[in-house]
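One structure below.
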Amino acid sequence: MKSHSSILTIDLDAIADNYRLLRDRSQGVEIAAVVKADAYGLGVEMVAPVLSDVGCRCFFVATLEEGIELRGILDTGDVHVLNGPLPGQSAAFTDHKLVPVLNSINQIEEWNGHCRIQEEKLKADLHVDTGMSRLGMDDRERRHLETTPSLLEDLALDIVISHLACSDESEHPKNGQQLEKFVTYVGKFGGRRASLAASCGFFLPPEFHFQVVRAGIALFGALPVSDKPNPMAQ
Numbered sequence: 055m056k057s058h059s060s061i062l063t064i065d066l067d068a069i070a071d072n073y074r075l076l077r078d079r080s081q082g083v084e085i086a087a088v089v090k091a092d093a094y095g096l097g098v099e100m101v102a103p104v105l106s107d108v109g110c111r112c113f114f115v116a117t118l119e120e121g122i123e124l125r126g127i128l129d130t131g132d133v134h135v136l137n138g139p140l141p142g143q144s145a146a147f148t149d150h151k152l153v154p155v156l157n158s159i160n161q162i163e164e165w166n167g168h169c170r171i172q173e174e175k176l177k178a179d180l181h182v183d184t185g186m187s188r189l190g191m192d193d194r195e196r197r198h199l200e201t202t203p204s205l206l207e208d209l210a211l212d213i214v215i216s217h218l219a220c221s222d223e224s225e226h227p228k229n230g231q232q233l234e235k236f237v238t239y240v241g242k243f244g245g246r247r248a249s250l251a252a253s254c255g256f257f258l259p260p261e262f263h264f265q266v267v268r269a270g271i272a273l274f275g276a277l278p279v280s281d282k283p284n285p286m287a288q
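Just so you know, we're using our numbering here: the sequence shown kicks off at 55 and counts up by one.
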């Protein structure tokens, strides 16, 4: 039987320093921590409390199961779930104080139905695809929502979200194209806050930052952009 002797040492102080660096450079923009996939494999049970201790109050995970796990670690702060609710999952979001990111008309209708049952406008985010083609409402669903704004009346819309496809290349023309679309969508759908930039997008000009930046891999020391020196602690 083969044995494995590799050891990965996690510098939690470096993670805390990276959060502080982004926060201090953010000019008042909230830095949310993306800790999906067990904090990128580094151990969310160790990483999340460190980020909370240095002031992070907004976290993103991918799935309901990850959200429930994080709620077992942190009782404070907002936990947003990027994949949103599958049919029948909405009650679990409320039970564990999780905020769903709604990526489709079906998910909006699922959450609306839950809000009506609870007789309360419950917090949710809205993800609109502006060019990443991964998660978020596509053009067909977006147009449907634009012509049926009543779909958002039963919920409390918090963050309107999109994701940049080429933010690791600061001069890529798609960055500006996505920004222009996103500004239009934010104007149409409202919401309390907006978030377009993730780790790489943080290093783009301030007009990409809006109210929330979703920092993921940069917190863990990875080189966030291809054409600049890496400022993150490793």
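Glycine included, C-beta positions come from ideal geometry on N, C-alpha and C.
Nearest neighbour of residue i, chosen from the options [CA to CA]
i, options, result
"T238", "E174, L118 and S216", "S216"
"L218", "T202, R188 and R247", "R188"
"D129", "R111, E223 and G82", "R111"
"L155", "G275, Q172 and D183", "According to the sequence displayed, residue 155 carries Val and not Leu. With distances taken between Cα atoms, V155 lies closest to D183."
"N160", "P141, G126, D208 and H150", "P141"
"E119", "L152, E200, P227 and R197", "L152"
"R77", "A91, S60, G109 and A68", "G109"
"L206", "A145, K90, H226 and A178", "A178"
Exposure label - residue i; buried when at least 16 CB within 10 Å
i, result
"A137", "Correcting the residue type first, residue 137 is Asn in the shown sequence and not Ala. It is buried - the Cβ of N137 has at least 16 other Cβ atoms within 10 Å."
"L62", "exposed"
"K242", "exposed"
"N284", "exposed"
"H263", "buried"
"Q172", "exposed"
"R197", "exposed"
DSSP-derived helix/strand/coil call for residue i
i, result
"V266", "strand"
"E234", "helix"
"L176", "coil"
"M191", "strand"
"I64", "coil"
"V214", "strand"
"R246", "coil"
"Q161", "helix"
"K282", "coil"
Other residues of its chain near residue i: CB distance less than 8 Å, five sequence neighbours each side excluded
i, result
"E261", "L233"
"L290", "Residue 290 is absent from the model: the chain starts at 55 and stops at 288."
"A252", "V88, H217, L218, S221, V267, R268, A269 and G270"
"S158", "G138, M191 and E195"
DSSP bridge partner residues for residue i (one or two, in chain order)
i, result
"F114", "V88 and H134"
"P154", "V135"
"H181", "I215"
Cβ shell of residue i (< 6 Å), same chain only, five flanking positions each side left out
i, result
"V214", "L180, V240, F243, G245 and A248"
Same chain, Cβ closer than 7 Å to residue i, neighbours up to 5 away in sequence not counted
i, result
"N72", "A272, L273, G275, M286 and A287"
"Q81", "P260"
"L96", "I64 and F274"
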